[in-house]
Amino acid sequence: MKKSENIQITEFDKKANVHNMELLPVVCLPVYKEIVKEMAELIEDKQAREVFCSLSSGRDLQSVSQITGISSKNLVSMYKRGLRQIHLKWRPYSELKRELDHMYIKYRNNEFLLTHSEEVPKKNFRYVKIVWKEQDIPAEYVDLLITPLSKLDINFRVLRALRKYNIYQLEDLLRFIKYNGFDALYQMPSVGTKSIEQLYEKLKDKKILEDQDTCFLFPYLFV
């Protein structure tokens, strides 16, 4: 393989993000693969369609080249041509993103359920029942839950303190409040009482919290 081709492949991988599937929670993979399959159906050429599916599913460019007998350079060109066809015919990106965001919230709920089930001592586990209830989260609530806290005009000092607890978006903050109670925020180091009170007023003004213990989004968050 020529040096120039190596450089082009590296640039292609960075732009296409074909190796970022490991960043998706496992529960999201079936949805992602269905989306890739649906997109691929819009590509007219059969071989280009297969190349698109392989690379978008996380296969290494070199291994696809060995299997198909097509040079890496030509694979890149085929992939880009396929993308152009998809962009002309595909449904809005926002619709796809919302679908994945919805799956992410459900994944987080399941993660919390499993985490707390593991906290039960083994000797008592046979007496524990986990009630599983599938909930459909309205799309507008999903959009609100994934809102970065930085977009809610929250004091930077509060944002910095929250990030130490891996709280970056509204969903993270509401889970924390639902599990620990709002008063737990006052115990965070480097944040004064006034700053937390301002946070509370901000959440009330935006009609996210009704009071410190009540939020219309709580029923959609398992803790």
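Residue numbers (our numbering): 1 to 223. Beta carbons are placed, not taken as given, at the ideal position from N, Cα and C, and that holds for glycine. Predicted model only: the values in this text are computed from it and were never measured.
Check, Outcome
"C-beta atoms of Val64 and Ile105 nearer than 8 Å", "no"
"Cβ-Cβ distance between Ser57 and Lys89 below 8 Å", "no"
"Endpoints, alpha helix (DSSP H) assigned at Thr147", "No alpha helix (DSSP H) holds Thr147; DSSP gives it neither H nor E."
"Nonlocal neighbours in the same chain, by C-beta distance under 6 Å from Val223, ignoring five residues either side", "Phe112, Arg175, Lys178, Tyr179"
"Lys80 versus Pro30, Thr214, Asp45, residue with shortest Cα-Cα distance", "Asp45"
"8 Å contact criterion, which Gln169 and Thr193 should meet: CB distance rounded", "Actually they are not in contact, since the Cβ atoms of Gln169 and Thr193 sit about 24 Å apart, beyond 8 Å."
"Gln169 - partner residues in DSSP beta bridges", "Pro148"
"Where the alpha helix (DSSP H) containing Asp205 begins and where it ends", "193 to 205"
"Residues near Ala48 by beta carbon distance below 7 Å, same chain, minus five either side", "Met78, Arg81, Gly82"
"Alpha-carbon spacing of Lys204 relative to Leu152, whole angstroms", "12 Å"
"Exposure of Leu149, with buried meaning 16 or more beta-carbon neighbours within 10 Å", "buried"
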